[in-house]
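Peer 1:
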Amino acid sequence: MNTLAATLGQARKSQGIWFTGIAVFVAAWFAIYNQLLPFAQWLVTQLPIEPGSHLASSVEFFFYDTPKVLMLLTLVVFAMGVVRTFFSPERTRALLAGKREGLGNIAAAHLGIVTPFCSCSAVPLFVGFVSAGVPLGVTFSFLIAAPMVNEIALGLLFALLGWKVALTYLAFGLAIAIVSGWVIGRLHLEGWLEPWVREVRAGEVELDDQHLTWVDRFEAGWDAVKEIVGKVWYWIIAGIAAGAFIHGYVPAELLSGIMGGDAWWSVPAAVVLGIPMYSNAAGIIPVIEALLGKGAALGTVLAFMMSVIALSLPEMIILRKVLSLKLIAVFVAVVGIGILGVGFLFNTLFS
Amino acid sequence: MKDIKVLGPGCKRCQTTEEMVKAAASELGIEATVEKITDYAEMAKYGIASTPGIVIDGKVVHAGGLPKDDDLKRWLRA
Chain A
1 MNTLAATLGQ ARKSQGIWFT GIAVFVAAWF AIYNQLLPFA QWLVTQLPIE
51 PGSHLASSVE FFFYDTPKVL MLLTLVVFAM GVVRTFFSPE RTRALLAGKR
101 EGLGNIAAAH LGIVTPFCSC SAVPLFVGFV SAGVPLGVTF SFLIAAPMVN
151 EIALGLLFAL LGWKVALTYL AFGLAIAIVS GWVIGRLHLE GWLEPWVREV
201 RAGEVELDDQ HLTWVDRFEA GWDAVKEIVG KVWYWIIAGI AAGAFIHGYV
251 PAELLSGIMG GDAWWSVPAA VVLGIPMYSN AAGIIPVIEA LLGKGAALGT
301 VLAFMMSVIA LSLPEMIILR KVLSLKLIAV FVAVVGIGIL GVGFLFNTLF
351 S
Chain B
1001 MKDIKVLGPG CKRCQTTEEM VKAAASELGI EATVEKITDY AEMAKYGIAS
1051 TPGIVIDGKV VHAGGLPKDD DLKRWLRA
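Chains as they are written, first to last, in this note's numbering: chain A, 1 to 351; chain B, 1001 to 1078.
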């Protein structure tokens, strides 16, 4: 009894520490964040670089964007890490099993955003869903939404480019996942799964409720920060360097000629270019920011980004274990056409 | 003698989980056989949808992400 009281006291105390720590951290975060631009400008004046030159504008972009993106990333990843403790693939599957197509596709696409799973879990997840009676099309809606509507990309877009861009990205990403999954479901391609996938039946699983406290959730958020920021920071630096180069050196006329709204072929080119490219969503955002600043059309840029993060060769190779080549081809075609459609629609709407 | 299975395709997390299970068992002085299951069909039969998973004496106790050390010891003692 005493130990129980002691444990509870301990838990309350560390919960208090967490809440205070987060409050202090957020306050400091905003204070520093507001000083980043003046600091970057000051830093550039201290360097032996001619003011107003290409190099100065590249270097300033780099010095400003690097801390900015890393700070934003930390905040977004922490928040998402906490949110994700409320979801698990097993719970999501229970919600989706036996759902009708249509509504099921809509639910699956949304759950794909918030359900945590690492890329090495893609195959167990796929098999686990299909074998538990989640329809194939609904499973695809989940699998398409999970990488395409990337919560980190969403948070960074919101912070760097405003809520309009972020919201349209979210809406179109969800729409592609829902419609693509629905189309794949309508095509009745269950026969194109690898045979063993069709035969396996999922066992019943009853996981004990793990009774997460707020401290557990905060710790999960912090673990996510350590893991994700620790893993993607060099992608981000590379992305910012590329963005800085575009920002400083690539002439706006050239870029808006190639990637502007008038060049109809730029959207398909962006999608095709994006498939073999594989970058983390966080690394591609600074490039997007710089491209948009130079007059590239939003639809073209978003199509490029979605193609880079949602159609990736490594994922297809992993999925080959459960899907036949024909089914992978259908998957790529349906998602690719969806991205194309979004790109064109966007360019038309915002031109 | 506990029969423990770690379910996972062999990614980093799955290996870490296996090491954690072994360490926890030896720390508690519990005799256990730890078997690694990498076959996807086998995994699905246990009903998990995320890896790494842990099965102790035929019962799934964990799925998805690294287990917590405290939980691991609780499951091993049960």
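All C-beta atoms in this analysis are idealised placements derived from N, C-alpha and C, irrespective of residue type, glycine included. Quick caveat: nothing in here was measured; it's all calculated off a predicted structure.
#1: Hey, Trp192(A) and Lys321(A): beta-carbon distance below 8 Å or not?
#2: Leaving out five residues on either side along the sequence, give the residues of the same chain with a beta carbon under 6 Å from the beta carbon of Glu1031(B).
#3: Is the Cβ of Leu193(A) closer than 8 Å to any Cβ of chain B?
#4: Can you name the residues of chain B whose CB is closer than 8 Å to the CB of Arg93(A)?
#5: In whole angstroms, give me the CA-to-CA distance for Ala333(A) and Trp18(A).
#6: For Lys321(A), which residues in chain B fall below 8 Å Cβ to Cβ?
#7: Taking only three categories from DSSP, how would you classify Thr1033(B)?
#8: Pop quiz: Ala153(A) and Ile285(A) are said to be a contact at Cβ under 8 Å. What is the actual Cβ separation, rounded to whole angstroms?
#9: For Val232(A), which residues in chain B fall below 9 Å Cβ to Cβ?
#10: With distances taken between CB atoms, is the gap from Glu151(A) to Ile113(A) smaller than 8 Å?
#11: Are there 16 or more other CB atoms within 10 angstroms of the CB of Lys1012(B), so buried, or fewer, so exposed?
#12: Tell me which same chain residues have a C-beta within less than 7 Å of the C-beta of Leu189(A), skipping the five on either side of it?
#13: Looking at Ala1063(B) and Glu90(A), is the spacing between their C-beta atoms short of 8 Å?
#14: Identify the contact partners of Val82(A) in chain B, using a Cβ-Cβ distance below 8 Å as the criterion.
#15: Find the residues of chain B that neighbour Leu125(A), judging by a C-beta separation of less than 9 Å, and give them in chain order.
#16: By the criterion of Cβ-Cβ separation under 7 Å, what are the contact partners of Gly128(A) in chain B?
#17: Would you list the one or two residues that DSSP bridges to Asp216(A)?
#18: Under a CB-based cut-off of 8 Å, is Gly121(A) close to chain B?
#19: Nearest-angstrom Cα distance between Glu253(A) and Leu291(A)?
#20: Taking the C-alpha atoms as reference points, what is the distance between Phe63(A) and Gly155(A)?
Peer 2: Reading it off the structure:
#1: Cβ distance not < 8 Å, so Trp192(A) and Lys321(A) don't count as in contact.
#2: Excluding positions up to five away in sequence, the list reads Met1001.
#3: For Leu193(A), no Cβ of chain B is located within less than 8 Å of the residue's own Cβ.
#4: The contacting residues are Ala1049.
#5: C-alpha separation (whole angstroms): 47 Å.
#6: Ordered by position in chain B, the residues that pass the 8 Å Cβ test against Lys321(A) are Tyr1040.
#7: Thr1033(B): strand per DSSP, three-state reduction.
#8: Going by Cβ atoms, the distance from Ala153(A) to Ile285(A) rounds to 6 Å, so yes, they are a contact pair.
#9: Close to Val232(A), with beta-carbon spacing below 9 Å, lies no residue of chain B; the smallest spacing is near 15 Å.
#10: With contacts defined as CB atoms closer than 8 Å, Glu151(A) and Ile113(A) qualify as a contacting pair.
#11: Looking at its Cβ environment, which holds fewer than 16 other Cβ atoms inside 10 Å, Lys1012(B) is exposed.
#12: Here the set comprises Leu136, Leu327 and Val330.
#13: Yes, the Cβ-Cβ distance between Glu90(A) and Ala1063(B) is below 8 Å.
#14: Simply none; closest approach about 14 Å.
#15: Those within 9 Å of Leu125(A) in chain B are Ala1049, Ser1050 and Thr1051.
#16: Those within 7 Å of Gly128(A) in chain B are Ala1044, Ile1048 and Ala1049.
#17: Beta-bridge pairing links Asp216(A) to no other residue.
#18: Here residue 121(A) is Ser; the residue named in the question, Gly, does not match the sequence. Under the 8 Å criterion on CB atoms, Ser121(A) is classed as interfacial with respect to chain B.
#19: Roughly 12 Å separates the two Cα atoms.
#20: If you take the alpha carbons of Phe63(A) and Gly155(A), they lie about 21 Å apart.
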